[in-house]
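Only one structure is covered here, and it is reproduced in the block below.
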Amino acid sequence: QTLQRVTWNKICVIRLVPNMEDPDHPCNVFEWFYNRTGFASRHAGYPAREKIPSHPEHSLEIVAGVCFTAATCAAIFHRRRTGQGQQVLVSYERIGLWMAQLMGTFVHRRADFLELVCPDRRGDARYANFTPACSAIKSKDGVWIQILGVDTKRHLTPTLGALGVKWRTYGCVVWDLITKVLPNSKESNLAKRMLPVFININKSISAGSSKLTYAELEERFARHGIWYTRIRDSDSYLQYQQVFDNEIVKYEHSRPIVTTPIRCD
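With our numbering applied, the sequence shown corresponds to residues 160 to 424, in that order.
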């Protein structure tokens, strides 16, 4: 015990657990990764599911290993920053939620994939996002940008102002509250009642960004203090010599190949 107390301030402990809220509870890892997160429902129950490639079982270990490595880096970083030992939990449940979110973002950009995996066939399905200030938007000249305003209360108003759609959006919100939210008193779930409001907010953000070029968005975001990052596609990475110097990408038979230790054929 004495040795543990002495060494605790010098070591990092990373635990890979199924459930973050109850890490010591024994349960099935695959259940938390696939079922509890809703990840499995994206691959079953739809008529066109045979067109969606299934995930190999080892994909769970691969993704978990990546997240485990990221947790290790974070623990080492904070140990150097604070001078104290760190304990980090990596949850299969959170990994599943993260993967489902990545897949959702991907299919929303591909109309043909959206029809395959999205349970809601309405066009509004892609705008059902309850954090509208933290979403992917597309500029007039085709550049994808991820805005990073996770705190909706803090970041939504500046984001709408930067895109020039604040007052119009507020007008739509008031109209939705009067005509759709308040009359829907039978719905006990507040999130479902408020969904029309968030759909219109997301539509306004998407419409506002589509009227501005990337340079204009950069200028406006800097002026309003909006947090964002550019989403780089695979072609844009090839413009940087650094990816070749660091052997991240190499050419095989005149084709650029990402040199990862995991090759999916």
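All C-beta atoms, glycine included, are put in the ideal place defined by N, C-alpha and C.
Option nearest residue i by Cα separation, candidates the options
i	options	result
VAL333	MET353, SER347, PHE289, HIS237	MET353
ILE304	PHE403, SER369, VAL249	SER369
GLU377	TYR286, LEU322, PHE403, THR328	LEU322
LEU307	SER294, CYS171, THR316	SER294
ALA223	ARG174, ASN348, LYS409, ARG238	ARG174
GLN245	ALA366, ILE364, VAL172, ASN288	VAL172
ALA287	ILE390, GLY367, ASN361, GLU375	ASN361
ALA229	ARG239, LEU248, GLY242, ARG240	LEU248
ARG240	LYS169, ILE221, GLY367	LYS169
Local conformation of residue i per DSSP, three classes
i	result
THR338	helix
ILE170	coil
PRO420	In this prediction, PRO420 has a pLDDT of 41, which is less than 50 and means its spatial position is unreliable; what the coordinates show is noted afterwards. PRO420 falls in the coil class under three-state DSSP.
VAL408	strand
ALA229	helix
ALA287	coil
PRO317	helix
LEU307	coil
ALA292	coil
LYS297	strand
Classification of residue i by the beta-carbon crowding that lies within 10 angstroms, buried from 16 upward
i	result
ASP300	exposed
CYS232	exposed
LEU371	buried
SER250	buried
ASP426	Given a span of 160 to 424 for the chain in the structure shown, any question on residue 426 remains unanswerable.
ARG381	Per the sequence shown, the amino acid found at residue 381 is Ala instead of Arg. Exposed, since its Cβ has fewer than 16 Cβ neighbours within 10 Å.
GLY129	No answer is possible for residue 129: it lies beyond the span of the chain, which begins at 160 and ends at 424.
ASN359	buried
SER363	buried
LEU319	buried
Point to revise | Segment contact flag, the stretch 312 to 321 with the stretch 333 to 346, C-beta cutoff 8 Å, min 3 pairs | key: no
Review point. Which runs of the alpha helix (DSSP H), 4 residues or longer, sit entirely within the stretch 345 to 399?
Key: 349 to 369, 373 to 383, 393 to 396
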